[in-house]
Amino acid sequence: MSTTCDAVCHTAAPCPTKDAIPDVQNYPDSRKLAIDKVGIKSIRHPVRVADKNGGVQHTIASFNMYVYLPHHFKGTHMSRFVEILNSYEREISVENFEDMLRQMVKRLEAESGHVEMNFPYFINKKAPVSGVESMIDYDVTFIGEIKDGEYIQTIKVVVPVTSLCPCSKKISDYGAHNQRSHITIAARTNTFVWIEDIVRMAEDNASCELYGLLKRPDEKYVTERAYDNPKFVEDIVRDVAATLNADDRIDAYVVESENFESIHNHSAYALIERDKKAS
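Each residue of the sequence shown is one higher than the one before, counting from 93 in the numbering used here.
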């Protein structure tokens, strides 16, 4: 004697019986509301990142993985996102990032997909006078999207720097207030761009860059360097934007500067966004 269930499946598969496990995600939905992004957030997985000096960094990334869900589907298969990550066994690399995204869209039968891979990245830097070496970490996110079969890649880097206030320098008899600042560059690229190149674009346009370790001659240098190169947040975003405008590898960008003020209980902030292909 056969047994039927009350659910109506949108697939051609037989209706589940009492001995089968129903696939509720495959049931139809009558609300006629598509979902722009559905998936999983904040799942960690090992990654491998090549650096510009020929080395390889092994680190842990946090992944956000989404697909577009048409209005007639009730849900997506969340477990498949995890399966895709684990199909790469030990590590995912920047080189196979696009392949992973395309596999995700295919496995979930989606029209579009979006993956964010956020990880700490370390650069070994030499102090400007003594040459002593130390590591600085940067917050990096690789963002990949598939739309109409086209792959779009964005690299986002948060770069800590020093900024010194031009107004404070101008009106003070001696000294000027400075602060640590974050320059954030999110660049949509048409080819591969090294993380170090994005970092350099930010550091070259700050009052002074940061170092993990400084001796006294180095401290004197960076203090005077910032004093001789004062910048508002407006100056920083404009100077970084000008650098990005001149780089043919960059198709579009968002550049932000946030100064964590040393004489105020608030931050100063500025942003420039531009799509170079649309201009």
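Heads up, the beta-carbon is just placed ideally off N, CA and C, and yes, glycines get one too. Here the structure is a predicted model, which is why all the values come from computation and not from measurement.
Going by DSSP, Thr168 is part of no beta strand (DSSP E) at all; its letter is neither H nor E.
In the three-state DSSP reduction, Phe284 falls in the coil class, being neither helix nor strand. By the criterion of a C-beta distance shorter than 6 Å, Trp286 is surrounded in its chain by Lys144, once the five residues flanking it on both sides are discounted. Between Gln195 and Asp289, the alpha-carbon positions lie close to 29 Å from each other.
Beta-bridge analysis with DSSP links Pro120 to Phe165. Closest option to Ala278, judged by alpha-carbon separation, among Glu242, Val346, Ala333, Gly146: Val346. When rounded, the separation of the alpha-carbon atoms in Thr246 and Lys369 is 15 Å. With fewer than 16 other Cβ atoms from the protein chains shown falling within 10 Å of its own Cβ, Ala112 counts as exposed. The Cβ atoms of Glu353 and Ala362 do not sit closer than 9 Å to each other. Boundaries of the alpha helix (DSSP H) around Arg199: 189-199. Listed as beta-bridge partners of His150 by DSSP are Arg140. Counting C-beta pairs with one atom in each stretch, the stretch 190-204 and the stretch 135-154 have fewer than three that are closer than 8 Å, which means they do not touch.
As summarised for the stretch 207-264, the continuous alpha helix (DSSP H) elements at least 4 residues long and confined to that stretch are 258-263, given in chain order.
For the set Cys300, Met209, Asp310, the Cα lying nearest the Cα of Ile132 is the one of Met209. At the C-beta level, Ser222 and Leu306 come within 9 Å of one another. Here Ile355 carries a coil assignment [DSSP, helix/strand/coil]. Under the Cβ criterion (8 Å, minimum of three pairs), the stretch 295-303 counts as touching the stretch 323-331.
Across the structure, Lys312 and Phe211 are spaced so that their CA atoms are roughly 33 Å apart. Here Ile113 carries a coil assignment [DSSP, helix/strand/coil]. Following the DSSP letters along the chain, one finds Asp310 inside the alpha helix (DSSP H) bounded by residues 308-319. DSSP lists Pro252, Glu350 as the beta-bridge partner residues of His274.
Glu183 and Ser273 have their alpha carbons spaced roughly 33 Å apart.
In this structure, the CA atom of Ala333 is about 9 Å from the CA atom of Met293. Glu183: not part of any alpha helix (DSSP H); DSSP gives it neither H nor E. Between the C-alpha atoms of Tyr303 and Glu225 there is a straight-line separation of about 9 Å.
Burial state of Tyr266 is exposed, judged by a 10 Å Cβ sphere holding fewer than 16 other Cβ atoms. Secondary structure of Leu336 (DSSP, three-state): helix.
Burial state of Leu161 is buried, judged by a 10 Å Cβ sphere holding 16 or more other Cβ atoms. A Cβ-Cβ separation of about 5 Å places Val250 in contact with Thr276 under the 8 Å criterion.
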